[in-house]
Amino acid sequence: MKISNSNKNKDPLPVLLAGTFEAKAPTSQLRDSVNRILETLSGQLSEQAITLNVDICDSLRYALNASLFERAVRCLCEQSIHGMPCGGELIITAVEQADGIDLEIADSRNDYIESPRLLDGQSDQTFTELIPVHYFVAVHGGTVRVQNCPEGGVAFTIHLPFSQALRSAA
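Quick note: the sequence shown uses the working numbering, first residue 1257, plus one each step.
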């Protein structure tokens, strides 16, 4: 990206960048990005006797900032791993919906989250560990929600809406 020096008033530009941002994010295969994260967590999964089940179609793609996506997914995986110190199952799925993609990271922890509201963007309080998740979904116009599963465990779901440009390209 080239920045021109065409500011005629020479006023300083009030811009704060918390990282890099590309004007047009390349499309990424979600499965490849998730697998990169899981490779770095494989030792911890093994040590804690956590089995892994990934169900993401190879053809599922999305235009996103890959580094932000990977930080957000890593954050949610770490939350799940932390909730299963004595073993369990980590399940990661992604499905295409009519209006976008849902990525779910679910675990089989024995306890539950007392106040799932603390984890959504509408709450006044947010776990500081989840800031990368909230930042990622805000940048991509998505949402994140958490729910206690009736059969046990917790599911974190990131919804990434399709942009109008992506719909046109499809």
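Where is the CB? At the ideal position from N, CA and C, for every residue including glycine.
inquiry  = Going by DSSP in three states, Asp1288 sits in which element: helix, strand or coil?
reply    = Position 32 of the sequence shown, counted from the first residue, corresponds to residue 1288. Helix at Asp1288.
ask   = Hey, is the region 1357–1369 in contact with the region 1324–1342, meaning 3+ C-beta pairs nearer than 8 Å?
value = Touching, yes, given that three or more Cβ pairs across the two stretches are closer than 8 Å.
ask   = When the Cα atoms are used, what is the spatial distance from Tyr1368 to Leu1301?
value = In the sequence shown, residue 1368 corresponds to position 112, counting from 1. In the sequence shown, residue 1301 corresponds to position 45, counting from 1. Rounded to whole angstroms, Tyr1368 to Leu1301 spans 20 Å at the Cα level.
Contact set for Ala1411: own chain, Cβ-Cβ below 6 Å, skip 5 residues either direction = The sequence position of residue 1411 within the sequence shown is 155, counting from 1. Around Ala1411: Glu1360, Ala1362, Gln1403, Cys1405.
Opposing strand residues paired with Gln1403 [DSSP bridges] = Counting from one through the sequence shown, the residue named residue 1403 turns up at place 147. Its beta-bridge partners are Ala1411.
message = I need the boundaries of the beta strand (DSSP E) containing Arg1317, first residue and last residue.
response = Counting from one through the sequence shown, the residue named residue 1317 turns up at place 61. It spans 1317–1319 - the beta strand (DSSP E) in which Arg1317 sits, taken as one unbroken run.
query = In or out: Glu1326 buried (at least 16 other Cβ within 10 Å) or exposed?
reply = On the sequence shown, residue 1326 is found 70 positions in, with the first residue counted as 1. Counting the other CB atoms within 10 Å of its CB gives Glu1326 a total of 16 or more, which places it among the buried residues.
ask   = How is Leu1416 classed by DSSP in three states: helix, strand or coil?
value = Working through the sequence shown from its first residue, we reach residue 1416 at position 160. Strand.
query = Based on the DSSP output, what are the partners of Thr1465 in its beta bridges?
reply = With the chain represented from 1257 up to 1426, any question about residue 1465 goes unanswered, as that position is not in the structure.
Inter-residue Cα distance where the pair is Gly1409 and His1338 = By one-based count along the sequence shown, residue 1409 stands at place 153. By one-based count along the sequence shown, residue 1338 stands at place 82. In a straight line, the C-alpha of Gly1409 is about 12 Å away from that of His1338.
ask   = By Cβ distance below 6 Å, which residues in the same chain neighbour Gly1397 in space, the five residues on each side in sequence not counted?
value = As a position in the sequence shown, residue 1397 is number 141, starting the count at 1. Around Gly1397: Pro1417.
Three-state secondary structure (DSSP) of Gly1398 = In the sequence shown, counting from the first residue as 1, residue 1398 sits at position 142. Three-state DSSP puts Gly1398 in coil, outside helix and strand.
message = Considering just the uninterrupted stretch of the beta strand (DSSP E) at Ile1361, what are its terminal residues?
response = Working through the sequence shown from its first residue, we reach residue 1361 at position 105. Per DSSP, Ile1361 belongs to the beta strand (DSSP E) from 1356–1363.
task = Give the single residue among Ser1284, Glu1352, Thr1307 whose Cα lies nearest to the Cα of Cys1342.
result = Sequence index remark: in the sequence shown, residue 1342 carries index 86 (1-based). Ranking the options by Cα distance to Cys1342, first place goes to Thr1307.
task = Evaluate Gly1344 with the Cβ neighbour count: other Cβ atoms within 10 Å of its Cβ, from every protein chain shown; 16 or more gives buried, anything less gives exposed.
result = Position 88 of the sequence shown, counted from the first residue, corresponds to residue 1344. It is buried - the Cβ of Gly1344 has at least 16 other Cβ atoms within 10 Å.
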